[in-house]
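If you're matching positions, the sequence shown starts at 251 in our numbering and goes up one per residue.
Heads up: the structure comes next, in structure tokens.
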Amino acid sequence: MSILSFGQTEPKPSETLPPLVGGDTDAHGCKPSAGYTFSILKNDCIRTFEQPIQLNEVKPKNSYKSFAAVIVSDDNKQVEIFMPSITGSVVLSKKLKTRFPTWQKGNIILTKRSKYYLKQANRVIFAGK
251 MSILSFGQTE PKPSETLPPL VGGDTDAHGC KPSAGYTFSI LKNDCIRTFE QPIQLNEVKP
311 KNSYKSFAAV IVSDDNKQVE IFMPSITGSV VLSKKLKTRF PTWQKGNIIL TKRSKYYLKQ
371 ANRVIFAGK
């Protein structure tokens, strides 16, 4: 039983509470509001900020630095990149016969030397170990 003051009506169930964090799901069953996104290579929901390979923005345009997350396939033939400028992720394939391990798709290139370098349009945008 609810106590209502004069002129009030009892709210409808859908109006009582906002959706809970983690109460949403995307097409893959991941919960974006809880930080989850779908990984093609892992075929599972992941949190990009929990991945072991994190690359920092090289020349931030804002007062904060963004990051890119990298997932390497078990056979080392593909990498999946998550970065702020793309929705979801992009999967790069390993290039053969290169001096350093290199993966590419279009104008996005990841190279591993002493650390990882992520280039887009031939400009290093992220780097890290």
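Just so it is clear, CB atoms sit at the ideal spot from N, CA and C, and this is done for glycine as well.
In this text, all values refer to a predicted model and were calculated from it rather than measured experimentally.
Short Cβ contact (9 angstroms threshold) for residue i with residue j
i	j	result
Ile303	Ala319	yes
Thr287	Asp274	no
Lys345	Lys365	no
Phe317	Glu330	no
Lys281	Cys295	yes
Whole-angstrom C-beta distance between residue j and residue i, which should lie under 8 angstroms
i	j	result
Lys327	Ser343	7 angstroms
Phe376	Leu291	Wrong, their Cβ atoms sit about 18 angstroms apart, outside the cutoff.
Thr298	Phe332	5 angstroms
Leu358	Thr352	Per the sequence presented here, residue 358 reads as Ile, with Leu not at that position. With 8 angstroms as the limit, Ile358 and Thr352 do not qualify as a contact, their Cβ atoms being about 11 angstroms apart.
Ser390	Ser289	What is shown of the chain runs 251 to 379, which leaves residue 390 out entirely.
Lys355	Val341	7 angstroms
Residue range of the unbroken beta strand (DSSP E) whose run includes residue i
i	result
Thr348	Per DSSP, Thr348 belongs to no beta strand (DSSP E) and is neither H nor E.
Gly378	Arg373 to Gly378
Asn326	Neither: Asn326 is in no beta strand (DSSP E) and is coded neither H nor E.
Asn214	Outside the displayed span of the chain (251 to 379) sits residue 214, for which this structure offers no information.
One or two residues paired with residue i in a DSSP bridge
i	result
Cys295	Phe288
Thr361	Thr352 and Tyr367
Ala318	Leu305
Ser343	Gln328 and Gln354
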